[in-house]
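Peer 1:
2 protein chains.
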Amino acid sequence: MNIPSVKDLGALVRDRRHKLRMTQQALAEKVGVSRAWLVALEQGKPSAQIDLVLRTIRELGLSLRIEAENPAARSHEIDLSAILQAGKKGAPKK
Amino acid sequence: MNIPSVKDLGALVRDRRHKLRMTQQALAEKVGVSRAWLVALEQGKPSAQIDLVLRTIRELGLSLRIEAENPAARSHEIDLSAILQAGKKGAPKK
DNA sequence: TTCTTTTGTCTTCGTTCGTTGACACACTAG
DNA sequence: CTAGTGTGTCAACGAACGAAGACAAAAGAA
């Protein structure tokens, strides 16, 4: 599943936790975080630490993946122009 | 690509940045973070904020994905027993 | 319906985050 | 070789993080 925002991530964590029939307290204990932190994450807390997030999804039997996006599908983003500019800059390299 | 640790994530960010021929400064500006933060992330900083991480990989033309792991491939982890226990707990639900 | 469990929210506190600016070191181009 | 560029590291600082504990509200069970 693609995760465009921390909100989506939080929703997935909650959904998965429910599927595993775990309470927030139980999962928090397994991960080694406070229950309050997990509540916040599930609500999409943008400042959660990446390592705690990683541990949480691992405890949920999930894995983090990063994939290249299809540039054609991102016509509304500015990354394409940045990539092209970077490509031009690096092109004359000998 | 699977990302088991923040170290791996950092290495991927650096690798991708190089492929795009961007400097740390340029990428940091695009993302809206300090260069020092990006340096730390590329070195695998576990406490980096998830939202900043998300923005960084987005700027690199990458997307975050989360997938269910294959339980059989995780025989050395304790998550399998946790999942089974949770399954048992929820089994008698009517 | 009542009772129990789960979740949401809050305060307090010590710790650490991200930023800024500077400097050292490594790398690259000519 | 030198000059310029890129990266690594550091200290200081204000902001905010995560933990702990408590209570309220919502959800679930009987």
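Residue numbers (our numbering), protein chains in the order written: chain C, 1 to 94; chain H, 101 to 194.
For every residue, glycine included, the Cβ atom is placed at its ideal position computed from N, Cα and C.
Predicted model only: the values in this text are computed from it and were never measured.
#1: Say whether chain C places a C-beta atom closer than 8 Å to the C-beta of H:Glu-169.
#2: Under a three-way DSSP split, which group does H:Arg-121 fall into?
#3: Find out if the Cβ-Cβ distance for the pair H:Gln-149, C:Ser-34 is shorter than 8 Å.
#4: Output yes or no for whether 8 Å exceeds the beta carbon distance between C:Gly-32 and C:Val-6.
#5: Is the beta carbon of C:Ile-66 sitting closer than 8 Å to the one on H:Leu-127?
#6: What would DSSP say about C:Glu-69, mapped onto helix, strand or coil?
#7: Quick one: using the 10 Å Cβ neighbour count with 16 as the cut-off for buried, is C:Thr-56 buried or exposed?
#8: Can you find the residues in the same chain that come closer than 8 Å, C-beta to C-beta, to H:Ala-111, ignoring five residues on each side of it along the sequence?
#9: Going by beta carbon distance, what residues of the same chain come within less than 6 Å of C:Arg-17, once the five residues before and after it are set aside?
#10: Have a look at H:Asp-108 and H:Leu-138 and give me their C-alpha separation to the nearest angstrom.
Peer 2: Judging by the given coordinates:
#1: yes
#2: coil
#3: no
#4: no
#5: no
#6: coil
#7: buried
#8: Glu-142 and Gly-144
#9: Leu-27
#10: 14 Å
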